[in-house]
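So the sequence shown is numbered by my numbering: it starts at 16 and just counts up by one. Every residue, glycine too, gets a C-beta built ideally from N, C-alpha and C. Quick notes on the structure that follows.
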Amino acid sequence: MLVPGLAAQGVPRILFEHAIGHDDWPQQRTAEALLSLTPVRDLLALYQEDSGHRITIRYPGGDYGDAWAHELRNWLVALGIPSAQVLLEPGSGGRDRILLLL
């Protein structure tokens, strides 16, 4: 539900929200493998349209979730996103998924 006036109050608007499940994460990670993931490809396309947006990666807690989030962030940087534009936030709402937000 949208609350009138929140955008005017500085509440960020989410343009894109998509989960990447653990089962979808490629075993052999290459640029080609990451770009074959629809959420990554769609996120990059939207970011290219307006590079003023920030990307948020919400990840599951624990060492595994932390490592997964950092690896995804490194891949996004390798694919052309400035590292300062990628934020990491714990709390994806599931142990087996990462949420990408723009």
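Query                                                                                                                                    : Result
Beta-carbon contacts of residue 92 that lie in its chain and below 8 angstroms, excluding the five residues immediately before and after : 98 and 101
Simplified DSSP assignment, three categories, for residue 36                                                                             : strand
Continuous beta strand (DSSP E) stretch holding residue 75: start and end                                                                : Taken as a continuous stretch (DSSP letters only), residue 75 belongs to no beta strand (DSSP E), as it is neither H nor E.
Residue 95 versus residue 63: straight-line alpha-carbon distance, rounded                                                               : 10 angstroms
Pick from 65, 66 and 37 that is closest to residue 52, judged by C-alpha positions                                                       : 37
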